[in-house]
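Participant:
Residue numbers (my numbering): 1 to 301.
Shown next as structure tokens:
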């Protein structure tokens, strides 16, 4: 009787695991990795997850973020159409799994993973994303950055000076912005969402004030011809980022007033204070109600 029970339990467990694996595979089965030229030797790759940046040239491939693990083969196939050289370095702009999901696959292929110290710290232990009631398990060793930095680091590859700069307590506490100085291209990571409401991870010490400060610094770094790769959304320029900054400041001001009046999140949600933005920015990743919670949590903490 016991043997039959354990055999049945094992079969059920195995079935559940296989079902979960197939569901995960099906989720990404129809995803197409699209490649867009940004500047000479620099490309933006889109699929599902954060936008990927790629520099190609005689020194090899330099890669920014890697989306989800099931997409690694498709991503590598797309990169192979741009260069026949191996991926040498991978920069993670922050720790979230839609930007680091492919780390383990690439780490096992010998790619050197680089990130801010706080990215390593968060990936090396179970980490919570409180607003989504989610705990992300610690990453396996092969997925962890092998080189970390506490401020800035510069790569000199493919005829480029590639500056990787830490921007404190913005989207998270480990955000990096990558500036290709010669090509005049900036990858912002999730400090910048183009055309949709941004997620600010208060449980990872992100804040709306920090995002605004960082966006101001990135705009100061750019000129009218600078190409800006956002963490999510289409390729951008300086003006779109100025519009994003204006939205953030407006939303912060409205929320600050409502909090000062003693209103609860439920009351604020009913008021729909950002109705003028909701139609254009609230139909993608974050719906208007969830975005209000993101801003509220950031400003109340």
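Every residue, glycine too, gets a C-beta built ideally from N, C-alpha and C.
Values in this document were obtained by computation on a predicted structure and should not be read as measured data.
1. Would you grab the beta carbon distance between residue 115 and residue 148 for me? Rounded to a whole angstrom, and I think it's under 8 angstroms.
2. Pick out the complete alpha helix (DSSP H) segments inside the segment 180-255, 4 residues or longer, and give them in chain order.
3. Can you give me the Cβ contacts of residue 21 inside the same chain, cut-off strictly under 6 angstroms, excluding the 5 residues immediately before and after it?
4. With DSSP run on the structure shown, which of helix, strand or coil describes residue 93?
5. Which value, in whole angstroms, describes the spacing of the CA atoms of residue 215 and residue 82?
6. Which residues in the same chain as residue 4 place their Cβ atom closer than 7 angstroms to its Cβ, once the five residues preceding and following it in sequence are excluded?
7. For residue 103 and residue 80, which I take to be in contact (beta-carbon distance under 8 angstroms), what is that distance rounded to the nearest angstrom?
8. Under 8 angstroms, do residue 62 and residue 158 count as touching if we go by C-beta distance?
9. Excluding five sequence neighbours on each side, which residues of the same chain lie with their C-beta closer than 7 angstroms to the C-beta of residue 236?
10. Express the C-alpha separation of residue 170 and residue 92 in angstroms, rounding to a whole number.
11. Helix, strand or coil, according to DSSP, for residue 29 in the structure here?
12. Does residue 264 come within less than 8 angstroms of chain B when only Cβ atoms are used?
13. To which residues does DSSP link residue 178 through a beta bridge?
14. Could you spell out where the beta strand (DSSP E) holding residue 294 opens and where it closes?
15. Output the distance between the C-alpha atoms of residue 203 and residue 113, rounded to the nearest integer angstrom.
16. At the level of alpha carbons, what is the spacing between residue 71 and residue 108?
17. Using the DSSP secondary-structure output, state which residues sit across from residue 44 in a beta bridge.
18. Can you name the start and end residues of the beta strand (DSSP E) that residue 64 belongs to?
Facilitator: On the basis of the coordinates in this document:
1. About 6 angstroms separates the two Cβ atoms, so the contact holds.
2. Complete alpha helix (DSSP H) runs here, min 4: 208-221.
3. Its pLDDT being 44, under 50, residue 21 is placed unreliably by the model, and the measurement read from it follows with that caveat. Nothing listed; no residue qualifies.
4. In this structure, residue 93 counts as coil in the three-state DSSP scheme.
5. Here the C-alpha atom of residue 215 lies approximately 30 angstroms from the C-alpha atom of residue 82.
6. Residue placement at residue 4 is poorly supported in this model, since its pLDDT is 47, which falls under 50; the coordinates still yield a value, given next. Non-local beta-carbon contacts of residue 4 in its own chain, meaning distances under 7 angstroms to residues more than five positions away in sequence, are absent.
7. Not really, about 19 angstroms apart at Cβ, beyond 8 angstroms.
8. Yes, the Cβ-Cβ distance between residue 62 and residue 158 is below 8 angstroms.
9. Closer than 7 angstroms at Cβ, skipping near neighbours: 194, 228, 230.
10. Near 15 angstroms, if we compare the C-alpha coordinates of residue 170 and residue 92.
11. Looking at residue 29 - three-state DSSP - the assignment turns out to be helix.
12. As a matter of chain content, chain B is missing from the structure shown, which is built from one protein chain.
13. Residue 178 pairs with 164, 187.
14. Not the beta strand (DSSP E): residue 294 falls in the alpha helix (DSSP H), residues 288-300.
15. Residue 203 and residue 113: Cα-Cα distance of roughly 24 angstroms.
16. So the alpha carbons of these two residues sit roughly 15 angstroms apart.
17. Answer by DSSP bridge pairing, in chain order: 36, 53.
18. Its beta strand (DSSP E) spans residues 61-64.
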